[in-house]
Each structure stands twice: as C-alpha cells, then as structure tokens.
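Engineer: Be aware that the sequence shown starts at 4, since it is given in the numbering used here, and climbs by one per residue. After the structure tokens below, expect a handful of questions from me.
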Amino acid sequence: MVLATDRGWTSGLWQWFRAKNRDSVTNASHGMVYCMKLSFSYWFLLTSDYKKHKRMKKYFNHLV
C-alpha cells in the first residue's frame, strides 16, 4: 500500500511544516490536509500506470 511506504516522506514534510508554523493551529490543520492531498495525488499517479507503479514502489521501499 502506498500510504504505508509513503509515511516517512509525509511525516518528514509534516515535521518541516510544523516547525515553520509552530504557534498556529489552523496552519497545522491546513498542513495535514495538504499532506493528505499530496499522498492521494501520489497514489493516483502510481495506480494510473502499473509499470511506473512497480518502479516507484521499489523506490519508496528503498527510501523507507
């Protein structure tokens, strides 16, 4: 599943976002939605092309 392999990448992005907007709760929630949208768009891209999906999955597994 892409979300499982994607976790390290999204958490890193989330930590960076939280560091930038530490004091604002609304910005934090926006960041969460942004990460979810990114994950979904990646999932959509990966599932749209099976060959690319296999290659990218290998790449994500290598990252994590």
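Glycine included, C-beta positions come from ideal geometry on N, C-alpha and C.
Have a look at lysine 57 and leucine 48 and give me their C-alpha separation to the nearest angstrom.
Structural biologist: Going from the Cα of lysine 57 to the Cα of leucine 48 covers about 12 angstroms.
Engineer: Rounded C-beta distance between serine 34 and phenylalanine 20? I'm assuming under 8 angstroms.
Structural biologist: This sequence places glycine at residue 34; serine is not what is there. Their Cβ separation, rounded to whole angstroms, is 4 angstroms, which keeps glycine 34 and phenylalanine 20 in contact under 8 angstroms.
Engineer: Taking just the CA atoms, how far does lysine 60 sit from glycine 15?
Structural biologist: Distance between the alpha carbons of glycine 15 and lysine 60: 18 angstroms.
Engineer: Alpha carbon to alpha carbon, how far is asparagine 64 from tryptophan 17? Give it in angstroms, no decimals.
Structural biologist: For tryptophan 17 and asparagine 64, the distance between alpha carbons rounds to 19 angstroms.
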